[in-house]
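Asker: Please read through the structure below; I'll follow up with questions.
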Amino acid sequence: MSLKWHPYSLYETDTTRFWVHYGLVILGAVLALVTAVAQWRDPAPYGKHERKDQNWGPLIPQRLGHFLSDALPGVVLFVLVFVFYGTQNKNYINYIFLAMFLSHYVHRGIIHPLIMRYRNPRVAIGITLGGFFPNCLYHFVNADFIGSAEYHSNYYYDPRFIVGVILFCAGYVINRHSDLKLRSLRDTKGCTGYYVPYGGFFELVTCPNYFGELVEWIGWSLATWSFAGLVWTLFCAATFVPRARHNHAWYKSQFDSYPPNRKSLIPFLF
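The numbers in our numbering rise by one with no breaks, and the one at position 71 of the sequence shown is 90.
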């Protein structure tokens, strides 16, 4: 089979939707750049980087905040856009991508908040909205794309699809294992403080949960072969890379015995 540069067609006769879609993609690219610069300087003020001198609005339950920022855009909005805004010419490739995305966000936005032991049970509404609005943007363009792109019927043979799905699944496993490791650590210790985790990818990096999710979205952008997937991956990197750097520095300052060979985010490199 010959490799076709564009394995799909998108909005061939609807120029308005074409420009709306790619206008939002460009906005997403700009937001990713701004986020990278801002968060490299100062970490987002939640979790271990929460600052008492900053007021981000009324407090709401952490589980509710997690649901609002992740499940609403990542599950509800994504499905609505895919079903009602996307075109009717979907094939099984489109539904495979839908299942991949939902596999992440059903866990991230619904299951994870229910099972996680939070150090602080409440979060400021401003922090929640700071995740909600960017997620709406990026999830809209991704749902729009996979709900409207007409993939070739033999795309499942394409190396981009095969390698992308493998990367997505590998990152998914790393991300889930790391999150569960953190939860079990708090269960073992019997409280909700911070501890040095060991085992799995924690032997290599401080933030394997971020590393795993980044691998997921690299696989997503490769498998979907879309600018929508690319800008979402860039935004994730703009968040994960600076935050992993700040988390790594925080652990080293808090724990004298912190493993000296452990990297921040990418094994052996960074």
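Glycine included, C-beta positions come from ideal geometry on N, C-alpha and C.
Could you name the residues of the same chain whose beta carbon sits closer than 7 angstroms to that of valine 160, not counting the 5 residues immediately before and after it, in chain order?
Answerer: Contacts found: His40, Leu43, Val44, Gly47, Ala247.
Asker: Taking 8 angstroms as the cut-off, decide whether the C-beta atoms of glycine 166 and glycine 105 are in contact.
Answerer: Their beta carbons are under 8 angstroms apart, which means glycine 166 touches glycine 105 by this criterion.
Asker: Could you check which residue in Ser240, Arg141, Ser203, Pro178 has the C-alpha nearest to that of glycine 66?
Answerer: Checking every option, the nearest Cα to that of glycine 66 belongs to Arg141.
Asker: Can you look up valine 215 in the DSSP assignment and give me helix, strand or coil?
Answerer: Note: valine 215 maps to coil in three-state DSSP.
Asker: Which residue wins for smallest C-alpha separation from proline 132, given the options Arg202, Thr32, Gly218, Val53?
Answerer: Selected option, being the one with the closest Cα: Arg202.
Asker: Which residues in the same chain as glutamine 273 place their Cβ atom closer than 8 angstroms to its Cβ, once the five residues preceding and following it in sequence are excluded?
Answerer: Tyr213, listed in sequence order.
Asker: What would DSSP say about proline 286, mapped onto helix, strand or coil?
Answerer: Of the three classes helix, strand and coil, the one that applies to proline 286 here is coil, per DSSP.
Asker: Report the three-state DSSP secondary structure of tyrosine 65 (helix, strand or coil).
Answerer: Three-state DSSP puts tyrosine 65 in coil, outside helix and strand.
Asker: Which of the three DSSP states is assigned to tyrosine 170 in this structure?
Answerer: Correct three-state label for tyrosine 170: strand.
Asker: Buried or exposed for threonine 35, going by 16 or more other Cβ atoms inside 10 Å?
Answerer: Threonine 35 should be labelled exposed.
Asker: Please state whether DSSP places proline 132 in a helix, a strand or coil.
Answerer: It is helical.
Asker: Which one of His265, Tyr229, Trp244 has the shortest CA to CA distance from cysteine 19?
Answerer: Because residue 19 is not part of the residues shown, which for the chain are 20 to 289, the question remains open.
Asker: Just tell me which of Pro64, Arg82, Gln81, Pro80 has its CA closest to the CA of asparagine 74.
Answerer: Nearest of Pro64, Arg82, Gln81, Pro80 to asparagine 74, Cα basis: Pro64.
Asker: The alpha helix (DSSP H) spanning arginine 262 covers which residue range?
Answerer: First-last of the alpha helix (DSSP H) with arginine 262: 246–273.
Asker: How would you label histidine 68, buried or exposed, when you count the other beta carbons within 10 angstroms and need 16 or more for buried?
Answerer: By the 10 Å Cβ count, histidine 68 comes out exposed.
Asker: Assign serine 122 to one of three DSSP states: helix, strand, or coil.
Answerer: DSSP places serine 122 in helix when its eight states are reduced to three.
Asker: Beta-carbon separation of phenylalanine 164 and alanine 242 under 8 angstroms?
Answerer: Not closer than 8 angstroms, so no.
Asker: Proline 286 and asparagine 223 - do their beta-carbons sit closer together than 8 angstroms?
Answerer: Sequence inspection shows leucine at residue 223; the asparagine mentioned does not correspond to that position. For leucine 223 and proline 286, yes; Cβs fall inside 8 angstroms.
Asker: Is it buried or exposed, leucine 284, if we count other Cβ atoms within 10 angstroms and call 16 or more buried?
Answerer: Under this definition leucine 284 is a buried residue.
Asker: Could you compute how far the alpha carbon of valine 215 sits from the alpha carbon of isoleucine 79?
Answerer: The straight-line gap from Cα to Cα measures roughly 28 angstroms.
Asker: Looking at the structure shown, is proline 279 part of a helix, part of a strand, or coil, going by DSSP?
Answerer: In the structure shown, proline 279 sits in coil (DSSP, three-state: anything other than H, G, I, E or B).
Asker: Leaving out five residues before and five after histidine 11 in sequence, what residues of the same chain have Cβ atoms less than 6 angstroms from its Cβ?
Answerer: Nothing can be reported for residue 11, as the shown portion of the chain is limited to 20 through 289.
Asker: Look at glycine 145 and glycine 218 and say whether their C-beta atoms are less than 8 angstroms apart.
Answerer: No, these two residues do not count as a Cβ contact at 8 angstroms.
Asker: Could you spell out the range, first to last residue, of the alpha helix (DSSP H) harbouring proline 26?
Answerer: Premise fails: proline 26 is in no alpha helix (DSSP H) and is neither H nor E.
Asker: Got a sec, what are the start and stop residues for the beta strand (DSSP E) arginine 141 sits in?
Answerer: Run containing arginine 141: 141–143, per the beta strand (DSSP E) assignment.
Asker: Count the CB pairs spanning the region 50–61 and the region 114–130 that are closer than 8 angstroms, and state whether there are at least three.
Answerer: In short, these stretches do not touch, since the Cβ pair count stays below three.
Asker: Given a threshold of 16 other Cβ atoms within 10 Å of its Cβ, counted over all protein chains shown, does phenylalanine 152 qualify as buried or as exposed?
Answerer: Flag for phenylalanine 152 reads exposed.
Asker: Per DSSP, which residues does valine 224 bridge with? Please list them.
Answerer: Paired residues: Lys282.
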